[in-house]
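Reviewing the structure listed below.
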Amino acid sequence: MTMAPAAPVRTDEPPSVAPVRRSRFRRHLPAWLFLAPALLLFAVFKFVPMFRAVEMSFHEVRPYLGDRFVGLDNYREVLTNPSFTDAIGHTIVLAVGQTVGSLVLGFALALLLEGSSRGLWFVRTAVFLPTVAAMAVVAELWRILYYPAGDGAINSILGWVGVGPSQFLNDAGSSLWSVMGVGIWRGAPYDMMIFLAGLAGVDRTLYEAAAADGAGPLRRLWHVTIPALRPVLTILLTLAAIRGLRVFTEIFLLTNGGPNGASEVVMTLVYKLGLERNELGIASAGSVLLLLATVVLTVAVQVARRRGEQR
Amino acid sequence: MSRRNAGARLDTALGWGAAPGPVAFAARVLLYLVLVAVFSGPLIALLVSAFGPVTDPTRLTLIPRGLTLDNFAAAIDRDVLRYLANSFIVVGCGLLLQILVSVSAAYALARKRFPGLQLVMLLILSTLMLPEEILAIPLSLVLADVPILHVNLIGTLAGMIVPVGAWAFSILVMTEFMKEIPAELEEAARLDGAGDLRIFWSVVLPLCRPALGVIGIFGFTMIWDQYMLPLLVADDAAQFTLPLALRTLRSDDQVGLGVLLAAALLALLPSVLAFLALQRQFMRGLTSGAIKG
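Top to bottom, those sequences are chains U and F. When we follow full-length UniProt numbering, the leftmost residue of the first sequence carries the number 1, and every step to the right adds one. When we follow full-length UniProt numbering, the leftmost residue of the second sequence carries the number 1, and every step to the right adds one.
So this is what it looks like as structure tokens:
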């Protein structure tokens, strides 16, 4: 057996050690070359920023003067400063509200729009459009819809059912909920599509068997449909929760945290601290905490799923 | 195989039959009309209002009261064409880079076995958990002084293009797809003396056309939707993408709502049209990305 350097022959038992190392490197070189652009971009734009975020979160970042190590001070600041703790609270409320809202509404939509007729396909497409639209467009559109006077679009509709004009984004009591509404409006159709894909995989004979046993639609839903959708549900839960934690654009464009910080979330605060007030260390600590929350959430959902499957 | 012996066939979870009675049919049509109105009504209102004479800043309209292109003319006066061009440059170059990078990485991950394969896969997968907004602050520092090259990408369109090349979703979709290609094809080409590059280009890639459609449409909507990255990179209005410019157009007191509507419509249409044209691919990507996880 000859070992031509670039021969694509796969040998399981190479004859001696020295040529092996060389040929192994040569053999795997093409793979690494094909990977090189991706590895380079991921390293520079994903992993370097991640390491810098962790590094900066332990430092007081001072341009030109050199960074000063401050231990956990930045984290202490983030967890005790009222503007940050408020923002953390708003982030959690928004993430939970948007996640639950879009899941429930998305599931309802999927049930109502399940089927294979052409008309339904059209309705599904029309319902899905908000998810395709760029967030910036959606935000500007809803600013107009939420116009706080009595003749604003949503207020006019509220007027038909006799509910007084709401200030929506301009009022501290309603701004966060108004943003949440936009998030659900845009998120529910996405969840609907994933649920529809899950529903398509449910064994039809189970429905028929359940019906033959005398189960009505509600009991079929509870005992057949929802258990079959469990894997889809875990994935949607993770995706939606991450989506909720990282919320930035809609807050930035709809309220910019206002009025009076009533809708400030961690990401908008991090943006303001980092880019407007140059508090890079504290901003990084906020980012790292958000990142940890994301990881913990993802892992927790996966563990819960494993356990659910074992049962 | 339908089992008709157990009574009615149940095609859906709710058990709604394909042929409802007249009342049930009417009720269902009404329900669907409401759903369409709630979800695409606002977008249709944007479309109609952008072509209407806008004097009333509070209200979008669904019924056109006369067609006019005035809003678009005013928007062009406000440099909207430049923002649009910026957006197209960013999405065009960014998407091309993303596809090239993903396809090339996927070829190695799907068709090669080498030590470190698992680790590379894990690293790429882990970035799916790494939302780009969260890393915005350090990313802006990296962009101001790119490691090794020491160039400053702030204030350049390149700063919005290069980072979108790294997107784990398209690498994963592409890898899954390439794994399905039978090894015999590749071996036959190898016997004919083709090298890796040639096999990649003339054997594997042509077979990947459906998957290219998937990552193309997803990459397009994702890059078009980008907000944080252009916000970090743009130094002044000369580099604004259209979504970024909307905020400035809105806060410009001298122009009315009509300009914002026209610009918003222009920012809305490309992604919606791309979605409508490539719906099937979009749905395939949605399910392969989410269900397989």
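Don't be surprised by glycine CBs; every beta carbon is placed ideally from N, CA and C. It should be emphasised that the depicted structure is a prediction, and the values quoted were computed from it without experimental measurement.
Please confirm whether residue i has its beta-carbon closer than 8 Å to some beta-carbon of chain U.
| i | result |
| --- | --- |
| F:A238 | no |
| F:G52 | no |
| F:G219 | no |
| F:F177 | no |
| residue 307 of chain F | No information on residue 307 of chain F is available, as it lies outside the stretch 1 to 293 that chain F covers here. |
| F:Y32 | yes |
| F:I161 | no |
| F:I223 | no |
| F:M283 | yes |
| F:M228 | yes |
| F:R247 | yes |
| F:W16 | yes |
| F:G165 | yes |
| F:P147 | yes |
| F:S104 | yes |
| F:L172 | no |
| F:M121 | no |
| F:R250 | yes |
| F:S202 | no |
Which value, in whole angstroms, describes the spacing of the CA atoms of residue i and residue j?
| i | j | result |
| --- | --- | --- |
| U:I88 | F:L35 | 34 Å |
| F:L229 | F:A238 | 15 Å |
| U:W185 | U:F107 | 13 Å |
| U:T238 | U:V301 | 7 Å |
| U:L112 | U:D86 | 38 Å |
| F:F200 | U:A134 | 34 Å |
| F:P20 | F:R28 | 9 Å |
| F:G193 | F:L119 | 31 Å |
| U:L275 | F:I137 | 7 Å |
| F:A74 | F:D252 | 12 Å |
| F:D77 | F:T248 | 14 Å |
| U:V54 | U:V303 | 26 Å |
| F:K179 | F:R111 | 7 Å |
| U:W142 | U:H28 | 53 Å |
| U:H223 | F:L172 | 34 Å |
| U:A153 | F:L60 | 7 Å |
| F:F275 | F:I99 | 18 Å |
| F:P206 | F:A189 | 14 Å |
| F:V80 | F:C93 | 20 Å |
| U:V179 | F:A105 | 39 Å |
| U:T205 | F:T12 | 11 Å |
| F:R250 | F:L197 | 50 Å |
| F:T156 | U:I282 | 28 Å |
| F:E133 | U:N278 | 17 Å |
| F:V146 | F:L212 | 30 Å |
| F:L278 | U:L269 | 38 Å |
| U:L273 | U:L280 | 7 Å |
Going along the chain, which residues of its own chain have a beta-carbon closer than 7 Å to the beta-carbon of residue i, five neighbours each way excluded?
| i | result |
| --- | --- |
| U:I194 | V232, L236 |
| F:P270 | W224 |
| F:A24 | none |
| U:T131 | R186, P189, Y190 |
| U:L105 | I184, A188 |
| U:L245 | T91, A95, L290, A293, T294 |
Less than 8 Å between CB atoms is the rule here; does residue i satisfy it with respect to chain F?
| i | result |
| --- | --- |
| U:V296 | no |
| U:L94 | no |
| U:H28 | yes |
| U:L275 | yes |
| U:S287 | yes |
| U:V132 | yes |
| U:M180 | no |
| U:L145 | yes |
| U:M3 | At U:M3 the pLDDT is 43, less than 50, meaning the model places this residue with poor confidence; the figure from the coordinates comes in the next sentence. Answer no: the Cβ-Cβ gap between U:M3 and chain F never drops below 8 Å. |
| U:E140 | yes |
| U:S83 | no |
| U:L38 | The question names Leu, but residue 38 of chain U is Ala in the sequence shown. True, the Cβ-Cβ gap to chain F drops below 8 Å. |
According to DSSP, what are the bridge partners of residue i?
| i | result |
| --- | --- |
| U:F69 | U:H59 |
Within the same chain, show all residues whose beta-carbon is closer than 8 Å to that of residue i, passing over the 5 residues directly before and after it, in chain order.
| i | result |
| --- | --- |
| U:G201 | A228 |
| F:V272 | L43 |
| F:G285 | V173, V214, I215, I217, F218 |
To which residues of the same chain is residue i closer than 6 Å at the C-beta, ignoring the five residues directly before and after it?
| i | result |
| --- | --- |
| U:A285 | S57, N74, Y75, V78 |
| U:D67 | H59, V61 |
Does at least one heavy atom of the ligand MG sit under 7 Å from the Cβ of residue i?
| i | result |
| --- | --- |
| F:G92 | As for the ligand MG, it is missing from this structure, which has no ligand bound. |
Would you check if the segment 40 to 56 of chain F and the segment 243 to 261 of chain F touch, i.e. whether three or more CB-CB distances between them fall below 8 Å? Between the segment 243 to 261 of chain F and the segment 40 to 56 of chain F, the count of Cβ pairs shorter than 8 Å is three or higher; the stretches touch.
Would you call the segment 120 to 127 of chain F and the segment 165 to 175 of chain F in contact, with 3 or more CB pairs under 8 Å? The answer is yes - the segment 165 to 175 of chain F touches the segment 120 to 127 of chain F, with three or more Cβ pairs under 8 Å.
Does the segment 144 to 160 of chain U come close enough to the segment 94 to 108 of chain U to have 3 or more Cβ pairs within less than 8 Å? With a cut-off of 8 Å, the segment 94 to 108 of chain U and the segment 144 to 160 of chain U do not count as touching, because too few Cβ pairs lie within range.
Determine, using beta-carbon pairs with one atom in the segment 211 to 222 of chain U and one in the segment 156 to 176 of chain U, whether at least three such pairs fall under 8 Å. These segments do not touch.
Pairing CB atoms from the segment 252 to 268 of chain U with CB atoms from the segment 162 to 177 of chain U, are three or more of them under 8 Å? Short answer: they touch.
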